[in-house]
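Quick note: the sequence shown uses this note's numbering, first residue 1105, plus one each step.
Working notes, beginning with the structure itself.
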Amino acid sequence: MNTHDNTNPAADDAGRPRYAIDAQNVQLTYSDGTRAVNGVDIQIPEGEFFGFLGPNGAG
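Below, the structure is given as structure tokens:
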């Protein structure tokens, strides 16, 4: 098995990392009032993979 640690994500011309996803304060509340996600901040660099799993393992 090969692994890869990308500790230096791609950067823009100013040297700031480029993100495929950059989201702050993500929230999700279902119509019955159930809060599924509350205040999540996430930055995923270009070329990286990410999975967001719920209690049933789907995601």
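The C-beta atom is built at its ideal place from N, Cα and C for all residues, glycine as well.
Practice item. Whole angstroms is fine: what's the gap from F1156's alpha carbon to T1138's? Key: 18 Å
Check your understanding: I think A1115 touches I1146, with their Cβ atoms under 8 Å apart; what is that distance to the nearest whole Å?
Key -> At roughly 19 Å, the Cβ-Cβ gap does not stay under 8 Å, so A1115 and I1146 are not in contact.
Review point. Which partner residues of R1127 appear in the DSSP bridge assignment?
Key: Per the sequence presented here, residue 1127 reads as Ala, with Arg not at that position. I1146, per the DSSP bridge assignment.
Practice item. Under the assumption that I1148 contacts A1118 (Cβ atoms under 8 Å), give the Cβ distance between them as a whole number of angstroms. Key: Contact flag wrong, Cβ pair sits at about 20 Å.
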